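See below for the structure under consideration.
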Amino acid sequence: MSNTTAKRKRWKKPLIIGGFLVVIGVAVAYWFVATEKFADTSNRKAAHTVNAIDLIKEFIANDSLANKKYTGKIITVNGTVSELEAPDSTTVNVKFVDTTTGSFLNFQFQEQHLAEGKGLKVGDSVSIKGSCSGSIYSDILGTTSISFQRAALNK
Amino acid sequence: MKKLFLFLSFIAITGGIFAQKKTTTAATVAFDASTSVDALPKAENKTAIAVIDTKTGVVQFEASVKNFAFSNPTIQNHFNGEKWMNSDMHPKFTFKGAVTDLTKVNFEKNGTYTISVTGELTIKGVSKTITAPATVSVNGGMVSATSEFSFKLADFGITGVPIDAGKVAKEPKVTVSAEFK
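Line by line, the protein sequences are chains A and B.
The opening position of the first sequence corresponds to residue 1 in this note's numbering, with each subsequent residue numbered one higher.
The opening position of the second sequence corresponds to residue 156 in this note's numbering, with each subsequent residue numbered one higher.
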């Protein structure tokens with residue numbers, strides 16, 4: 001047996017094992033990403049706790065700063081329900097409206113909390129936790145809309 | 156005085172019912188870009204703002220890009236990232252159009268009407284004219300509408316390896332539904 005063949009045989013086994021481990025690693029990483037879910041918002045700690053109307057005013061005063069401060073974060077909002085709108089039969093969106101400007105906060109609920117919004121009434125004093133998606137200026141309404149997703153009642 | 160009050164009340168009530176512009180802030184815009192390789196790229200936004208003008212047939216939608224809810228956090232982050240929707244730079248999707256055959260709809264009579272809507276869809280700062288079929292339902296003064304269409308991602312400058320690899324559909328299906336008040 002030549003020296004070269006012996007060397008090749010010596011490297012063959014570690015290479016096969018290494019390749020196998022890489023494949024396993026990639027499969028585990030893919031599985032982790034594919035099965036990843038958002039945590040239940042009711043179990044998440046809020047980065048900020050704010051009053052609904054104060055939050056709207058903060059976005060109107062400086063939307064760039066407010067978006068940097070709140071977007072992508074879990075926020076607890078306390079306020080009085082101004083409107084309830086049903087996008088479908090399973091849930092309602094809860095809105096807090098600043099009557100002086102018409103601007104509003106709009107919460108869409110997390111799947112496991114869909115029924116919570118349906119139990120609310122206009123005028124209810126509530127505390128809602130949700131992931132802030134930031135603001136957009138609505139050319140249709142001429143107001144600022146600040147939306148939240150994965151919301152849950154803060155019990 | 157009583158008559159004047161009754162007259163004003165009548166105007167206010169009928170004005171509300173027959174108002175030309177009907178709006179909602181709870182329209183649903185959902186898209187499905189899933190493929191046989193990857194079931195994850197689909198999301199919905201239930202806080203879209205929409206208006207329909209029953210006199211002119213003008214229809215408009217606005218949806219916050221960041222408020223599209225995915226089941227998967229990583230896919231949602233990718234969607235909003237610079238390479239895909241770049242939602243920091245382009246925070247909303249918009250549609251501005253009109254019903255092309257308004258005579259087919261009687262907004263004062265209960266019924267379901269099949270129509271067509273044409274207008275400009277703007278995604279990531281790129282506007283393209285699209286025509287989509289829609290169904291309008293009128294029930295006791297309430298107007299609701301649904302539409303389903305698809306568009307080519309490449310038309311809006313959205314390209315990438317996941318699309319070429321078949322993990323994201325080249326032509327996602329979009330479903331829009333709204334109940335106007």
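All residues carry an ideal CB built from backbone N, CA and C; glycine is no exception.
Nothing here was measured: the structure is a model prediction, and the numbers come from that model.
Residues of the segment 218-236 of chain B with a Cβ closer than 7 Å to any Cβ of chain A, in chain order: S219, K221, N222, A224, S226, N227, P228 and T229. Short of 7 Å from the beta carbon of B:E334, and not among the five residues preceding or following it, lie these beta carbons of its own chain, in chain order: T179, M297 and S299. Counting the other CB atoms within 10 Å of its CB gives B:S219 a total of 16 or more, which places it among the buried residues. No Cβ of chain A is located within less than 8 Å of the beta carbon of B:A300.
Neighbours of B:K247 across chain A, judged by C-beta separation under 7 Å: I136. Taking C-beta atoms as the reference points, B:E275 and B:K283 count as a pair closer than 8 Å. Contacts with chain A (Cβ-Cβ distance below 7 Å) from the segment 313-331 of chain B involve no residue at all. DSSP places A:Q112 within a helical segment (H, G or I) once states are collapsed to three. At a cut-off of 8 Å between beta-carbon atoms, B:K201 makes contact with chain A. DSSP places B:E217 in the strand class (E or B) of the three-state scheme. Contact with chain A is found for B:Q215, since one of that chain's Cβ atoms lies less than 8 Å from the residue's Cβ. Taking 9 Å as the upper bound on Cβ-Cβ separation, chain B lies near residues A86, P87, D88, T91, V92, N93, K95 and F104 of the segment 86-104 of chain A. Pairing B:W239 with B:H245 gives a Cβ-Cβ distance that is not under 8 Å. DSSP, read as helix, strand or coil, puts B:H245 in coil. Against B:T179, the close residues of chain A are E85, in the order they occur along the chain (beta-carbon pairs closer than 7 Å).
Proximity of chain B to A:N106 at the Cβ level (cut-off 7 Å) is accounted for by T180 and T202, in chain order. For the segment 23-39 of chain A, residues whose beta-carbon sits nearer than 8 Å to a beta-carbon of chain B comprise V33, A34, E36, K37 and F38. In the structure shown, B:P327 falls within a coil segment according to DSSP collapsed to helix, strand and coil. Each of A:N154, A:I75 and A:S103 was checked against the Cα of A:I60, and the nearest Cα belongs to A:S103.
With a cutoff of 8 Å on beta-carbon distance, A:S138 and B:I204 are scored as near each other. If one requires a minimum length of 3 residues, the beta strand (DSSP E) runs lying completely within the segment 112-152 of chain A are 125-138, in chain order. Distance from the Cα of B:A188 is smallest, within the candidate group B:V206, B:N241, B:T249 and B:F225, for B:F225. If you draw a straight line from the Cα of A:A46 to the Cα of A:I128, it is about 10 Å long. For B:S305, there is no enclosing alpha helix (DSSP H); the enclosing beta strand (DSSP E) covers residues M297 to S305. Per the Cβ contact rule, the segment 135-150 of chain A is in contact with the segment 104-119 of chain A (3 or more Cβ pairs under 8 Å). No residue range can be given for B:L195, since it is assigned to no alpha helix (DSSP H) and is classified by DSSP as neither H nor E.
With a minimum length of 4 residues, the unbroken runs of alpha helix (DSSP H) contained wholly in the segment 52-88 of chain A fall at 52-61 and 63-70. With respect to B:V272, B:V206 sits apart: the two C-beta atoms are not nearer than 8 Å. In the structure shown, A:A47 adopts coil according to DSSP, grouped into three states.
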